[in-house]
Amino acid sequence: MKKISIIGSTGSIGTQALEVIEKLQDKFEIIALAGGHNIELLKKQAEKFKPRYICHNNPSPAFQAPSPTRGEGYSILHGSEGLEKICSDKENDIILVACSGKIGLKPTLTAIRNGINIALANKETLVMAGDIVMAEAKKYGVKIIPVDSEHCAIHQCIKEINQVEKLIITASGGPFLHKTIGDMKNATVEQALAHPRWNMGKKITVDSATLMNKGLEIIEAHHLFGFDYDKIDVVVHPQSIVHSAIEYKDGSVIAQIGLPSMHIPIQYAISYPERFEGIKSKSFSFSEIAHLDFEKPDYEKFPTVKLAYKMGKLGGTATACLNAANEEAVFAFLDGKIKLYNIYEITKKMCDEHQVIQNPTIDEIFEVDNEIRKKTKEYILKNL
Ligand code: MG
C-alpha cells in the first residue's frame, strides 16, 4: 500500500484523484486530506476514505479549534500549520499537491525537505519558485512527478533525456481559438468559462481562455525537464488527443496520446513507476478519432504566451511577478471588475515595471508576490 496525502482534496483535481483512488483501494492508503472552505465535502470524503487527518481553511470560528482526539476517526487540523504537519509526516510515500494558487508552494517545499515524493498539479509552485523547488528536490532525492496533462505526457515520452532536442507542448486553444479579437475583448465570464475540452477550476479555465495557462506551462516545463525556453515549442491542437510530444536529435518525434481525461495523468502520477488499470473506462480507438488538427498559435490574439516566454527567460522573480499579476487580474475578471482582455494588459504592465531580483530567496519570492498582488489590485481599483 502506498501512503498518500492530498492537498486540495475538494477541488477539481482532488475530487478526481479520489475517484482514481476509489478504484485502487488495495493500492493506496490515505494519510491526510486537506481542503479549503468546503468542510462538508471534506468530512464526506473523510468518512469514505478514512484518513488520519483532515485539514481545512475555513475562517469561521466554529471550525477553528483543532481536534486532537480521534473521536471521528481522524484529527482535524487547520490552515497552513495543519498543512505543515501533514507535509512533515514521513509516513507519506507521496503527496498530491492539487490545490490552486500560491498556497501550494510552502507545503511542497516542506514535503520535499522531509524526503516525500510529490505528484504536482499546482503550477504556481514551479512558476513562482521553480529553481528553488527543483534544487531542493535534487538535494533530498525527491521525485517531482507532474500531473498537468502536457507534462505528464512529456514525462512518459522521455527515455533518453540527453538525446532530446525539444519539447512540444500542445494547447487546445480554449473557447476563443477561432473567435475574433473583438469577440475576446467583449467576452463574458460565462463565455470564458465555457472550455470546449476540459472541465477544470475557474482560475485555470480563464487562463486557458487567454492562453496564459500555456505560458505558465512553458515555465513549468522549463523547470521540470531542465530545457531552455528556446527548446520549448507550443502547437495548437483543438481535439486535445495529443497531450504533448518530444523531438529527438535525429528528428524522431514521440508523442503521448489518449482521450482528454485528467483521471489518467492523476493516476499515472500517483502510481508511478507502476501502471494500473484503475479508472480506465474505454480503450483508445484511432478509427473513432476522425482526424487531428494542428496549427500555429496566434500570438497577436494570445500575447500572454510571448509574455510568459519573456518573463521565463528573465528568470529570478520575473515569473513570480507574472503569476501574481495574472492571478489577481483573473480574480478581478471573475468578479466582473475588468474585461477579459484587460488581464493581459494589466499583467504586462506589472511585468514591465517589475525590478527582477536574481537568485531570490523564498522569502523574497513571497515579498514580490504580495507586493505585485497589492499593486495589481490598486491599479484595477484606480484605473478600471
Ligand atoms: Mg495542462
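By our numbering, the letter at position 365 of the sequence shown is numbered 356, and the numbering carries on one by one without gaps.
Just so it is clear, CB atoms sit at the ideal spot from N, CA and C, and this is done for glycine as well.
- Collapsing the DSSP output to three states places S91 in coil.
- Cβ neighbours of M253 within its own chain (closer than 6 Å, five residues either side excluded): Q7.
- A check of alpha carbon separations from Y259 across S66, C143 and N29 identifies C143 as the nearest.
- Secondary structure of V133 (DSSP, three-state): coil.
- Contact between C342 and A311 does not hold, since their C-beta atoms are separated by about 11 Å, which reaches or exceeds 8 Å.
- Boundaries of the beta strand (DSSP E) around L68: S66 to H69.
- Apart from sequence neighbours up to five positions away, the residues of its chain that approach I22 with a beta-carbon distance below 8 Å are K(-6), I(-5), S(-4), P42, R43, Y44, I77, D80, E82 and N83, ordered along the chain.
- The DSSP-derived three-state label of Y220 is helix.
- With 16 or more other Cβ atoms inside 10 Å of its own Cβ, M191 counts as buried.
- Apart from the 5 residues on each side of it in sequence, V347 sits with its Cβ closer than 6 Å to the Cβ of L305, G307, T308 and A309 in its chain, given in chain order.
- Pairing A37 with G27, the inter-Cα distance amounts to about 14 Å.
- For V244, the enclosing beta strand (DSSP E) has its first and last residue at V244 to I248.
- If you keep only unbroken alpha helix (DSSP H) runs of at least 4 residues inside the region 292 to 329, you get 295 to 305 and 309 to 325.
- For the pair I30 and K193, the Cα-to-Cα distance works out to about 20 Å.
- Boundaries of the beta strand (DSSP E) harbouring F19: F19 to A25, taken from the DSSP string.
- When the beta-carbon positions are compared, I237 and I353 stay at least 8 Å from each other.
- As computed with DSSP, L158 is found in a beta bridge with I223 and I237.
- In this chain, the beta strand (DSSP E) harbouring H47 covers Y44 to H47.
- Distance from the CA of L250 to the CA of E369, rounded to the nearest whole angstrom, comes to 43 Å.
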